[in-house]
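S.K.: Going by full-length UniProt numbering, the first residue of the sequence shown is number 1, and it counts up by one from there.
Got a structure for you, questions after.
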Amino acid sequence: MNTADPLANAAARPSKTLKVLHLFSDWKWTGPAEPVLSLCEALAGKDVDVTVAFRKAPPDFLERTVEKEARARGIACYDGFRLNRYFSPRDWLFDQQAIRSYAEQHRIDIVHTNLSHDHFAALLSLSFSRKRPLIVRTDHKRDGTPYNYFMGWAFGRTDGLVTYSTRIMTHDVNTFRVPPERTCVIPPGIKPYGGPVENMKHVFGIKPEEHVIGVIGRLKPDRGYDSILKAFRLLRDRMDNVKLLIVGRSSQIEKSIKEPLAELGLENDVILAGYRVADYFSVISTFDLFVMMRAGSDGSARALREVVAMGKAAIVSDKGMLPELVEDGVSGFVVPLDERVLADRMEALLRDNERRKLFEESAKRIAREKWNYDAQAGELLDFYTRLIALGERV
Numbered sequence: 001m002n003t004a005d006p007l008a009n010a011a012a013r014p015s016k017t018l019k020v021l022h023l024f025s026d027w028k029w030t031g032p033a034e035p036v037l038s039l040c041e042a043l044a045g046k047d048v049d050v051t052v053a054f055r056k057a058p059p060d061f062l063e064r065t066v067e068k069e070a071r072a073r074g075i076a077c078y079d080g081f082r083l084n085r086y087f088s089p090r091d092w093l094f095d096q097q098a099i100r101s102y103a104e105q106h107r108i109d110i111v112h113t114n115l116s117h118d119h120f121a122a123l124l125s126l127s128f129s130r131k132r133p134l135i136v137r138t139d140h141k142r143d144g145t146p147y148n149y150f151m152g153w154a155f156g157r158t159d160g161l162v163t164y165s166t167r168i169m170t171h172d173v174n175t176f177r178v179p180p181e182r183t184c185v186i187p188p189g190i191k192p193y194g195g196p197v198e199n200m201k202h203v204f205g206i207k208p209e210e211h212v213i214g215v216i217g218r219l220k221p222d223r224g225y226d227s228i229l230k231a232f233r234l235l236r237d238r239m240d241n242v243k244l245l246i247v248g249r250s251s252q253i254e255k256s257i258k259e260p261l262a263e264l265g266l267e268n269d270v271i272l273a274g275y276r277v278a279d280y281f282s283v284i285s286t287f288d289l290f291v292m293m294r295a296g297s298d299g300s301a302r303a304l305r306e307v308v309a310m311g312k313a314a315i316v317s318d319k320g321m322l323p324e325l326v327e328d329g330v331s332g333f334v335v336p337l338d339e340r341v342l343a344d345r346m347e348a349l350l351r352d353n354e355r356r357k358l359f360e361e362s363a364k365r366i367a368r369e370k371w372n373y374d375a376q377a378g379e380l381l382d383f384y385t386r387l388i389a390l391g392e393r394v
């Protein structure tokens with residue numbers, strides 16, 4: 001009888017090539033898409049046989065997609081599943097057979113799911129196989145996945161759980177009773193932009209001597225823009241030569257931005273830059289500091305990570321994973337959802353150029369040292385190895 005600890009050699013990576021299938025049931029280039037593809041790219045660089053399966057985009061969808069980005073990066077792709085998260089019994093039944101057949105044919109070791117639909121699709125397809133791959137889920141939700149009966153069933157049959165935030169992991173472990181040895185928190189990665197930029201003040205009619213506070217995101221009412229606008233109103237009463245530059249779009253912009261602007265009398269001091277693509281990083285380079293009160297629904301705060309990686313000081317709220325991305329008093333400030341405190345912190349940084357420069361240097365260093373996809377892929381590969389030693393969850 002072998003009584004050896006199955007985890008004793010977990011740190012030693014498997015001798016055979018590990019085969020991993022990542023599922024992503026969307027075609028749009030949303031918040032979770034970038035870290036998923038970047039992780040897969042980094043895993044492939046560590047000799048993992050990794051393939052990304054995604055929902056095929058409609059032929060008339062001309063914007064950036066998961067497929068376009070994956071193929072441009074040379075990541076192994078598969079578009080033979082339907083992965084339809086909308087009501088479609090025919091597509092769902094198709095995937096039950098197709099995912100199982102693919103996993104068996106390609107001898108997949110781990111199926112890594114990223115969104116709730118592909119999580120359920122993998123479980124329904126593979127759970128009743130005699131020898132199935134291990135099933136892993138990354139929870140990209142801003143505040144962790146809320147409990148319901150179906151999610152409880154899914155998480156209870158999942159072999160491993162990954163999050164980018166300790167707060168989200170704590171929520172999921174407490175909510176779904178996930179065994180701690182089957183969890184992995186890895187810091188979010190980012191690829192710092194190293195291309196050319198130009199100061200965009202003249203494009204937006206901003207004077208050279210004026211400070212610029214930047215905001216980026218989907219302009220929805222639940223993103224904390226009311227606090228930002230109220231804080232900026234307080235700041236404008238104290239300081240001249242400061243503008244608020246808002247980058248993003250939303251069908252709800254009237255309610256979230258334009259109506260509050262008019263009520264606060266800020267139309268001449270707030271610039272709506274719209275959705276930027278070609279000059280996106282040049283716009284960021286124009287910021288003197290950046291503010292975010294709530295991440296998007298996926299919680300990854302990609303815009304914040306991009307801004308910090310470019311060496312910009314940031315002020316964020318204490319909600320979700322934002323306090324884990326900005327070190328309070330080191331690379332920026334963490335504040336409650338209180339416009340008075342936010343206004344105080346914005347004023348402090350705009351008036352103290354030396355401190356702001358120190359924050360900027362720390363921001364760039366933190367992004368370079370901690371948000372590294374190669375290191376992240378190494379941690380994930382070690383987690384896969386530990387899960388293989390543990391075996392299927394029972």
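We put the CB at the ideal spot given by N, CA and C, even for glycine.
Given the structure is predicted, the values throughout are model-derived calculations rather than measurements.
#1: Go through its chain and collect everything with a Cβ distance to Pro323's Cβ below 6 Å, but skip five positions before and after it.
#2: In the DSSP assignment, find the unbroken alpha helix (DSSP H) run with Ser125 in it and report its ends.
#3: Under DSSP, the beta strand (DSSP E) around Leu337 begins and ends at which residues?
#4: Suppose contacts are defined by Cβ-Cβ distances below 7 Å. Is Met346 in contact with Leu272 by that definition?
#5: Assuming contact is defined by CB atoms lying nearer than 7 Å, are Arg100 and Leu126 in contact in what I supplied?
#6: Spell out a yes or no on whether the stretch 200 to 211 and the stretch 52 to 60 are touching, meaning 3 or more CB-CB pairs, one atom from each, closer than 8 Å.
#7: Taking Thr286 as part of the alpha helix (DSSP H), name the residues at either end of that continuous run.
#8: Which of the three DSSP states is assigned to Leu21 in this structure?
#9: Tell me which same chain residues have a C-beta within less than 7 Å of the C-beta of Gly152, skipping the five on either side of it?
#10: CB-CB under 6 Å to Glu339, same chain, minus the five flanking residues each way: which ones, in chain order?
#11: Who are the Cβ neighbours of Asn2 in its own chain at under 6 Å, not counting the five residues just before and after it?
#12: Helix, strand or coil for Ser317, going by three-state DSSP, please let me know.
#13: Candidates Val66, Leu350, Gly214: which alpha carbon is nearest Gly280's?
#14: Flag this pair as yes or no: are the beta carbons of Ile315 and Val291 separated by less than 7 Å?
#15: To which residues does DSSP link Met292 through a beta bridge?
#16: Counting C-beta neighbours from all protein chains within 10 Å, is the total for Pro260 16 or more, i.e. buried, or is it exposed?
#17: Assuming Leu124 and Ile135 are in contact, meaning their beta carbons sit under 8 Å apart, how far apart are those beta carbons, in whole angstroms?
#18: Could you please give the first and the last residue of the uninterrupted beta strand (DSSP E) stretch that includes Leu161?
#19: At 4 residues or longer, and completely inside the stretch 138 to 219: list those alpha helix (DSSP H) runs for me, N to C.
#20: How would you label Thr158, buried or exposed, when you count the other beta carbons within 10 angstroms and need 16 or more for buried?
#21: Do you know whose CA, among Pro188, Ser250, Val197, lies nearest Gly217's CA?
#22: Across which residues does DSSP place Val242 in a beta bridge pair?
#23: Look at the Cβ atom of residue 407, then the Cβ atom of Ala301, and state whether they are nearer than 7 Å.
#24: State the Cα-Cα distance for the pair Leu219 and Met293, rounded to the nearest angstrom.
#25: Considering only residues of the same chain and omitting the five flanking positions on each side of Ser282, which have a CB-CB separation below 6 Å?
#26: State yes or no: is the C-beta of Arg85 within less than 7 Å of the C-beta of Ser25?
#27: Please name the residue, chosen from Asp222, Tyr147, Glu379, Ser256, that lies closest to Leu43 on a Cα-to-Cα basis.
#28: Work out the CA separation of Thr170 and Gly332 for me, nearest whole Å.
#29: Helix, strand or coil for Ala231 per DSSP?
#30: Please identify the residue among Phe155, Leu390, Ile186 whose C-alpha is closest to the C-alpha of Val178.
#31: Classify Asn114 as buried or exposed, calling it buried when 16 or more other Cβ atoms lie within 10 Å of its own Cβ.
#32: Look at the alpha carbon of Phe204 and the alpha carbon of Ile257, and state the distance between them as a whole number of angstroms.
#33: Cutting at 7 Å between CB atoms, please list the residues of its own chain near Leu381, excluding the five before and the five after it.
#34: Where Leu245 and Trp29 are concerned, what is the direct C-alpha to C-alpha distance, given to the nearest angstrom?
#35: Please confirm whether Glu289 and Leu349 have their CB atoms less than 7 Å apart.
#36: Can Asp118 and Leu83 be called in contact, C-beta distance under 7 Å?
M.R.: On the basis of the supplied data:
#1: Residue mapping note: residue 323 aligns to position 323 of the sequence shown, counting from 1. Answer for Pro323: Val334, listed in chain order.
#2: Translated into the one-based positions of the sequence shown, residue 125 becomes position 125. Unbroken alpha helix (DSSP H) run through Ser125: 116 to 126.
#3: If you number the sequence shown from 1, residue 337 lands on position 337. Where Leu337 is concerned, there is no enclosing beta strand (DSSP E), given that its DSSP letter is neither H nor E.
#4: Stepping through the sequence shown from its first residue, residue 346 is reached at position 346. Stepping through the sequence shown from its first residue, residue 272 is reached at position 272. No. Outside cutoff.
#5: Working through the sequence shown from its first residue, we reach residue 100 at position 100. Working through the sequence shown from its first residue, we reach residue 126 at position 126. Yes, the Cβ-Cβ distance between Arg100 and Leu126 is below 7 Å.
#6: no
#7: The residue labelled residue 286 in the question sits at position 286 within the sequence shown. Its alpha helix (DSSP H) spans residues 280 to 286.
#8: On the sequence shown, position 21 is the one that residue 21 refers to. If DSSP states are grouped into helix, strand and coil, Leu21 belongs with the strands.
#9: On the sequence shown, position 152 is the one that residue 152 refers to. Once the five neighbours on either side are set aside, the close Cβ partners of Gly152 are Phe176.
#10: The count along the sequence shown starts at 1 and reaches residue 339 at position 339. Only Ser227, Lys230, Ala231 meet the Cβ criterion.
#11: In the sequence shown, residue 2 corresponds to position 2, counting from 1. Low per-residue confidence applies at Asn2: pLDDT is 41, beneath 50, and the placement is therefore not dependable, though the value from the model is reported in the following sentence. Counting only Cβ-Cβ distances below 6 Å, and skipping sequence neighbours, we find nothing.
#12: What you label residue 317 is simply residue 317 of the sequence shown in a count that begins at 1. Strand at Ser317.
#13: Mapped onto the sequence shown, residue 280 falls at position 280. Strictly speaking, residue 280 in this sequence is Tyr, with Gly absent from that position. Nearest C-alpha to Tyr280: Gly214.
#14: The count along the sequence shown starts at 1 and reaches residue 315 at position 315. The count along the sequence shown starts at 1 and reaches residue 291 at position 291. Yes.
#15: As a first step, residue 292 is located in the sequence shown; it is residue number 292 there, counting from the start. Answer by DSSP bridge pairing, in chain order: Val316.
#16: Taking the sequence shown and counting its residues from 1, the one referred to as residue 260 is at position 260. With 16 or more Cβ atoms within 10 Å of its Cβ, Pro260 is classed as buried.
#17: Here residue 124 refers to the residue found at position 124 of the sequence shown. Here residue 135 refers to the residue found at position 135 of the sequence shown. At roughly 11 Å, the Cβ-Cβ gap does not stay under 8 Å, so Leu124 and Ile135 are not in contact.
#18: What you label residue 161 is simply residue 161 of the sequence shown in a count that begins at 1. From DSSP, the beta strand (DSSP E) with Leu161 extends over 160 to 163.
#19: 149 to 156, 166 to 176
#20: Position 158 of the sequence shown, counting from 1, holds the residue named residue 158. Its Cβ being crowded by 16 or more others within 10 Å, Thr158 is buried.
#21: For the purposes of this step, residue 217 is taken as the residue at position 217 of the sequence shown. Gly217 has its Cα closest to that of Ser250, out of Pro188, Ser250, Val197.
#22: For the purposes of this step, residue 242 is taken as the residue at position 242 of the sequence shown. Paired residues: His211.
#23: What is shown of the chain runs 1 to 394, which leaves residue 407 out entirely.
#24: To locate residue 219, count along the sequence shown from 1; it is residue 219. To locate residue 293, count along the sequence shown from 1; it is residue 293. Near 12 Å, if we compare the C-alpha coordinates of Met293 and Leu219.
#25: If you number the sequence shown from 1, residue 282 lands on position 282. Counting only Cβ-Cβ distances below 6 Å, and skipping sequence neighbours, we find Val197, Glu198, Met200.
#26: Here the question's residue 85 lines up with position 85 in the sequence shown. Here the question's residue 25 lines up with position 25 in the sequence shown. Their beta carbons are under 7 Å apart, which means Arg85 touches Ser25 by this criterion.
#27: As a first step, residue 43 is located in the sequence shown; it is residue number 43 there, counting from the start. Ranking Asp222, Tyr147, Glu379, Ser256 by Cα distance to Leu43 puts Glu379 first.
#28: If you number the sequence shown from 1, residue 332 lands on position 332. If you number the sequence shown from 1, residue 170 lands on position 170. Rounded to whole angstroms, Gly332 to Thr170 spans 25 Å at the Cα level.
#29: Residue numbering aside, residue 231 sits at position 231 when the sequence shown is read from its first letter. Note: Ala231 maps to helix in three-state DSSP.
#30: Position 178 of the sequence shown, counted from the first residue, corresponds to residue 178. Here the closest residue by C-alpha is Phe155.
#31: For the purposes of this step, residue 114 is identified with residue 114 of the sequence shown, where counting begins at 1. Counting Cβ neighbours within 10 Å, Asn114 comes out buried, since at least 16 surround it.
#32: Locating residue 204 in the sequence shown gives position 204, counting from the first residue. Locating residue 257 in the sequence shown gives position 257, counting from the first residue. For Phe204 and Ile257, the distance between alpha carbons rounds to 18 Å.
#33: In the sequence shown, residue 381 corresponds to position 381, counting from 1. Contacts found: Arg13, Leu43, Lys46, Val48.
#34: Here residue 245 refers to the residue found at position 245 when the sequence shown is read from its first residue. Here residue 29 refers to the residue found at position 29 when the sequence shown is read from its first residue. Between Leu245 and Trp29, the C-alpha separation is close to 23 Å.
#35: Along the sequence shown, one-based indexing puts residue 289 at 289. Along the sequence shown, one-based indexing puts residue 349 at 349. With the sequence shown as reference, residue 289 is identified as Leu, and Glu is not the correct amino acid for it. Contact flag set, yes.
#36: Counted from its first residue, the sequence shown places residue 118 at position 118. Counted from its first residue, the sequence shown places residue 83 at position 83. Contact: yes.
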